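Participant:
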Amino acid sequence: MTIVSLCRFVRDIWDRAMDRCYHLFPCLSDPVRRSSLGLKLALVTLHLIYAGILFLFDEGLIEKTKQEPWYTSLYLCLFFATLVQYFITSSSSPGYVIDAMRTINEANSRMQKAAMASKQPASSNNGSLVITVDGSQSGKNLLASNSMSWSKVVMDMYPPGTSARTWTCSYCNVEQPPRAKHCHDCDKCVLQFDHHCVWLGTCIGQGNHCRFWWYICEETALCLWTGILYISYLKANISRAWLLLCQDHYLERWKDAVMIVLLITLSISLIFLLLLLIFHSYLILTNQTTYELVRRRRIPYLRGIPERVYPFSKGVCTNLYDFCCARGSIYKMESLPTAQEIHEKSRPYSCLDVMTCRCC
Ligand SMILES: [Zn+2]
Ligand SMILES: [Zn+2]
């Protein structure tokens with residue numbers, strides 16, 4: 001049997017095995033879903049390796065677990081909560097423009113039908129709080145009182161005279177509200193687009209930014225706690241390690257070497273996560289997105305606005321409240337600020353502003 005025929009034989013077996021696998025699990029036939037599942041599997045494996053080795057090598061931790069079970073229980077709770085948060089965030093919708101458009105158009109047609117049936121104008125009872133628009137006409141609840149098409153809603157969010165080409169996506173041909181952007185990985189426009197997260201396999205936008213922040217917060221805490229446990233193990237073994245250096249206890253030294261390598265990689269991950277957490281906390285407090293911050297000079301609606309002015313910020317407290325607690329509507333969109341609002345925000349701080357907490 002030649003090498004070529006052997007390769008063909010192996011490939012045939014592999015193809016048949018894969019076909020059977022796709023038949024049993026149809027979701028695996030899609031390459032996107034396959035890579036997403038692979039990512040999730042890699043993440044769970046990584047977590048299991050870091051925590052598993054700790055419990056496997058650290059006899060002191062096992063002893064501590066027997067004496068103080070609450071300590072290990074708390075650690076395991078954080079471990080599982082982080083994994084659950086990861087799966088929830090990766091499977092949540094970032095808030096696609098197409099979904100918002102469909103929602104508003106469907107509600108609009110429902111209201112029109114109801115109005116025609118009763119021969120009366122649509123009342124506020126017919127509309128549910130589906131979409132809210134913040135801006136100069138602050139707190140306007142669409143569909144609560146008027147029926148409006150998606151195009152009209154989007155048009156009203158831009159200054160008068162803005163060309164329709166400015167807000168129409170050239171890829172999916174939908175009208176984008178301000179702060180929305182087309183994601184080439186998802187092939188959809190995302191409301192308040194932040195970035196496409198490869199690690200989560202989804203976009204981060206208006207719909208899941210809060211969940212994303214909680215995920216990195218939990219992951220940072222878990223990383224920090226695991227790092228402390230690794231350091232405690234190495235600290236307890238360091239004097240013993242020096243003694244064992246003169247003897248033939250290779251297994252102990254090998255264990256320590258593995259723990260040191262894992263601790264180094266863990267420390268690098270922790271620094272990255274901490275920076276990411278601080279960065280996203282800053283974005284939340286100033287009501288910005290990563291995309292707006294990085295591409296500030298290239299985004300038409302941010303051009304000409306002074307560097308230190310955050311056009312969508314409503315004050316630190318309101319920004320934080322909106323981010324964490326404002327769950328009144330499914331989709332929340334923001335109008336572009338007027339020239340007067342930008343002028344007001346760019347005004348230098350006076351003593352009175354500091355005393356009245358203008359930034360809050
Ligand atoms: Zn698009
Ligand atoms: Zn995306």
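First residue of the sequence shown: 1, per the numbering used here; consecutive thereafter.
Heads up, the beta-carbon is just placed ideally off N, CA and C, and yes, glycines get one too.
From a predicted model like this one, the values you see are computed outputs, not experimental measurements.
Going along the chain, which residues of its own chain have a beta-carbon closer than 6 Å to the beta-carbon of His182, five neighbours each way excluded?
Facilitator: Taking the sequence shown and counting its residues from 1, the one referred to as residue 182 is at position 182. Cβ within range, chain order: Cys169, Tyr171 and Cys189.
Participant: Considering only their Cβ atoms, is the gap separating Thr226 from Ala362 smaller than 8 Å?
Facilitator: Outside the shown range of the chain (1 to 360) lies residue 362, about which nothing can therefore be said.
Participant: Thinking C-alpha only, which one of Thr103, Arg303 and Tyr321 is nearest Ile342?
Facilitator: Working through the sequence shown from its first residue, we reach residue 342 at position 342. Taking only the C-alpha atoms, the option nearest Ile342 is Arg303.
Participant: Is Thr2 helix, strand or coil by DSSP?
Facilitator: For the purposes of this step, residue 2 is identified with residue 2 of the sequence shown, where counting begins at 1. Coil.
Participant: Are the beta-carbon atoms of Cys186 and Cys203 separated by less than 8 Å?
Facilitator: Working through the sequence shown from its first residue, we reach residue 186 at position 186. Working through the sequence shown from its first residue, we reach residue 203 at position 203. In this structure, Cys203 lies closer than 8 Å to Cys186 by Cβ.
Participant: Among the candidates Lys64, Leu275, Ser5 and Ile49, whose CA atom is the shortest distance from the CA of Ser232?
Facilitator: Counting from 1 along the sequence shown, the entry for residue 232 is found at position 232. Ranking the options by Cα distance to Ser232, first place goes to Lys64.
Participant: Going by the C-beta, is Asp185 closer than 7 Å to any heavy atom of ligand 2?
Facilitator: On the sequence shown, residue 185 is found 185 positions in, with the first residue counted as 1. True, at least one ligand heavy atom lies under 7 Å from that Cβ.
Participant: How big is the Cα-Cα spacing for Lys434 and Ser281?
Facilitator: Shown here, the chain extends from 1 to 360; a query on residue 434 therefore has no answer.
Participant: According to DSSP, Val190 sits in a beta bridge with which residue or residues?
Facilitator: One-based indexing of the sequence shown puts residue 190 at position 190. Paired residues: Tyr96 and Lys181.
Participant: Kindly indicate which residue of Ser149, Leu46 and Tyr75 has the alpha-carbon position closest to the one of Arg102.
Facilitator: Locating residue 102 in the sequence shown gives position 102, counting from the first residue. Out of Ser149, Leu46 and Tyr75, Ser149 has the C-alpha closest to the C-alpha of Arg102.
Participant: Give me the Cα-Cα distance between Leu56 and Val258, rounded to the nearest whole angstrom.
Facilitator: To locate residue 56, count along the sequence shown from 1; it is residue 56. To locate residue 258, count along the sequence shown from 1; it is residue 258. Each residue's Cα considered, the two are about 12 Å apart.
Participant: Would the region 210 to 230 and the region 75 to 92 be scored as touching if the rule is three or more Cβ pairs under 8 Å?
Facilitator: With a cut-off of 8 Å, the region 75 to 92 and the region 210 to 230 count as touching, because enough Cβ pairs lie within range.
Participant: How is Glu252 classed by DSSP in three states: helix, strand or coil?
Facilitator: As a position in the sequence shown, residue 252 is number 252, starting the count at 1. Helix, per DSSP.
Participant: Judging by CA-CA distance, which residue of Gly205, Trp199 and Leu273 is the nearest neighbour of Leu222?
Facilitator: What you label residue 222 is simply residue 222 of the sequence shown in a count that begins at 1. For the residues Gly205, Trp199 and Leu273, the minimum Cα distance to Leu222 belongs to Leu273.
Participant: Rounded to whole angstroms, what's the CA-CA distance from Ala115 to Val44? Just pull it up for me.
Facilitator: The residue you call residue 115 lines up with position 115 of the sequence shown. The residue you call residue 44 lines up with position 44 of the sequence shown. Their backbone Cα atoms lie some 53 Å apart in a straight line.
Participant: Whole angstroms are fine: how far does the CA of Glu252 sit from the CA of Trp70?
Facilitator: The residue you call residue 70 lines up with position 70 of the sequence shown. The residue you call residue 252 lines up with position 252 of the sequence shown. Their Cα atoms are separated by approximately 28 Å.
Participant: For His182, verify whether its CB is less than 7 Å away from any heavy atom of ligand 2.
Facilitator: Position 182 of the sequence shown holds residue 182. His182 Cβ: outside cutoff for every heavy atom of ligand 2.
Participant: So what does Glu175 bridge to, in DSSP terms?
Facilitator: In the sequence shown, residue 175 corresponds to position 175, counting from 1. Partner(s): Thr168.
Participant: Spatial neighbours of Val174 within its chain, please: CB distance less than 7 Å, with the 5 preceding and 5 following residues excluded, ordered by chain position.
Facilitator: Residue 174 sits at position 174 when you count from the first residue of the sequence shown. Excluding positions up to five away in sequence, the list reads Val97, Ile98, Met101 and Cys189.
Participant: Alpha carbon to alpha carbon, how far is Ala33 from His23?
Facilitator: Mapped onto the sequence shown, residue 33 falls at position 33. Mapped onto the sequence shown, residue 23 falls at position 23. Before going on, a small fix: residue 33 reads as Arg here, not Ala. Straight-line Cα distance between these residues: approximately 15 Å.
Participant: Within this structure, are the beta carbons of Leu234 and Tyr331 separated by less than 8 Å?
Facilitator: Here residue 234 refers to the residue found at position 234 of the sequence shown. Here residue 331 refers to the residue found at position 331 of the sequence shown. No, Cβ-Cβ distance for Leu234 and Tyr331 is not below 8 Å.
Participant: When you measure from the CB of Tyr171 to every non-hydrogen atom of ligand 1, does any distance come out below 7 Å?
Facilitator: Position 171 of the sequence shown, counting from 1, holds the residue named residue 171. At least one heavy atom of ligand 1 is nearer than 7 Å to the Cβ of Tyr171, so yes.
Participant: Can you tell me which residues form a DSSP beta bridge with Ile204?
Facilitator: As a first step, residue 204 must be located in the sequence shown, where it is residue number 204. According to DSSP, which records beta bridges pairwise, Ile204 is partnered with His195.
Participant: Roughly how many whole angstroms lie between the Cα atoms of Leu320 and Leu277?
Facilitator: In the sequence shown, the residue the question calls residue 320 occupies position 320. In the sequence shown, the residue the question calls residue 277 occupies position 277. Answer to the nearest angstrom: the Cα atoms are 15 Å apart.
Participant: Measuring alpha carbon to alpha carbon, tell me which residue in Ser93, Gly95, Pro94 and His47 is nearest Tyr75.
Facilitator: Within the sequence shown, residue 75 is the residue found at index 75, counting from 1. Comparing Cα positions, the closest option is His47.
Participant: Which runs of the alpha helix (DSSP H) at least 4 residues long sit entirely within the region 276 to 301? Give them in chain order.
Facilitator: Within the region 276 to 301, the complete alpha helix (DSSP H) runs of at least 4 residues are 290 to 294.
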